[in-house]
Amino acid sequence: MNSVIESLKLLHERYAAFYQAAGLTPKAEYISNWDAPCYLGKPSGGDIEWQAVPQTEKLDFSGVEHALEMQLDTQVKDFFSYVYAGDLMLEFRDNALELLQVMHPEDAERLQQNMIGHVMMKQRLGQTITLFVGVTDEDDLLISVNNETGEVGLEYAGKDQHEILAPDLASFLAEVQPRLPADEFEA
């Protein structure tokens with residue numbers, strides 16, 4: 006097992022244990038026309054509980070690579086092709102963030118289309134190619150992986166990475182910590 010997959014596996018285990026200790030199950034927006042493998046039970050209030058499940062057919066990025074005429078960083082491909090799951094609510098050095106995951110093959114298609122658009126924008130702007138893996142609470146502030154170096158950093162949409170958070174995705178995944186979404190605290 007490679008280091009990104011191992012780190013992601015451990016993160017999902019920490020995430021599930023964190024929610025279980027809080028007496029909760031992670032929730033995601035329910036999309037009615039998806040029979041997502043990670044969905045648990047019945048939807049409630051537009052949300053549905055989820056549990057990470059291994060992808061039986063790993064997400065294939067060859068179409069994206071062909072369309073862009075470039076190879077994507079292997080650690081990003083591994084990150085998105087391990088499990089079907091809801092997005093992960095996390096903290097990194099006391100900053101709230103959300104790491105993207107795919108819940109269903111159609112979700113994976115949408116992710117890949119967005120990734121193509123992101124890379125084409127970077128190419129058009131003459132910027133270093135990055136691949137997004139998450140978002141922060143700040144508008145347009147993305148968590149991305151530099152496609153050449155593999156470094157994880159922060160970038161505003163349409164801008165270059167301006168802060169490096171970790172030397173690689175496995176290190177970043179090992180450092181993030183689960184958090185509850187703000188709406189879990191509302192009475």
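Here the working numbering is used: the first residue of the sequence shown is 6, the next is one more, and so on.
Even for Gly, the Cβ is constructed at its ideal location relative to N, Cα and C.
- Under the three-state reduction of DSSP, Asn119 is assigned to helix.
- Between Pro183 and Met75, the C-beta spacing is not below 9 Å.
- For Glu11, the uninterrupted alpha helix (DSSP H) run begins and ends at 8-26, by DSSP.
- For Thr79, the enclosing alpha helix (DSSP H) begins and ends at 79-85.
- The segment 167-174 makes no contact with the segment 125-132, as fewer than three CB pairs between them are under 8 Å.
- Taken through DSSP and simplified to helix, strand or coil, Gly139 comes out as strand.
- At a Cβ-Cβ threshold of 9 Å, Ile53 and Leu45 count as neighbours.
- The shortest CA-to-CA distance from Pro59 to any of Gly163, Arg98, Ser86 is the one to Ser86.
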